[in-house]
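Worksheet for the structure shown next.
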Amino acid sequence: MMPPANYPQPDTKAAPAPTPSRFAWDEDSQALLIDWSDGTASSIAFQRLRENCPCAICQGEPGMAGRFTSAEDAGLTSTEIQPVTLALVGNYAVNVEWRDGHNTGIYTFSRLRQLGLPG
Ligand SMILES: [Zn+2]
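Numbering (this note's numbering), first residue to last: 1232 to 1350.
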């Protein structure tokens, strides 16, 4: 016996992860704006972006505390939250260089999606 035509089928093809289609600095709101391939947009404050820099210097590594390991105010200076350049890394991430010279953070697209969510 054949199942009815509307019998639910397992979803075998998940939607591809969205990728950024455009980046822009918004100097007025001090935020990184991202347009995504799925039509959505993200706005990530520079300070939030810097505090979530995923590199070992900022987040620490086993046996070494990072700049932002503590939840306390890390005392970011104005140059530390001023991005200078943003460069694509392959087709999965971006590298941000900050005015204080810090440039070791590689932000994956999925991380940027998370950071763009409220909260
Ligand atoms: Zn870092």
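We put the CB at the ideal spot given by N, CA and C, even for glycine.
Predicted, not measured: the structure shown is a model, and the values here were computed from it.
Residue i Cβ short of 7 Å to ligand 1 heavy atom set
{"i": "T1300", "result": "no"}
{"i": "I1275", "result": "no"}
{"i": "T1335", "result": "yes"}
{"i": "I1288", "result": "yes"}
Beta-carbon proximity of residue i to residue j, cut-off 8 Å
{"i": "P1314", "j": "V1325", "result": "no"}
{"i": "Y1323", "j": "P1285", "result": "no"}
{"i": "L1343", "j": "I1275", "result": "yes"}
{"i": "S1268", "j": "T1250", "result": "yes"}
DSSP-derived helix/strand/coil call for residue i
{"i": "T1339", "result": "strand"}
{"i": "R1253", "result": "strand"}
{"i": "E1328", "result": "strand"}
{"i": "L1307", "result": "coil"}
{"i": "L1346", "result": "helix"}
Nonlocal neighbours in the same chain, by C-beta distance under 7 Å from residue i, ignoring five residues either side
{"i": "L1319", "result": "V1325"}
Would you mind listing the beta strand (DSSP E) stretches within the segment 1266-1304 that are 3+ residues and don't spill past its ends, in chain order? 1272-1276
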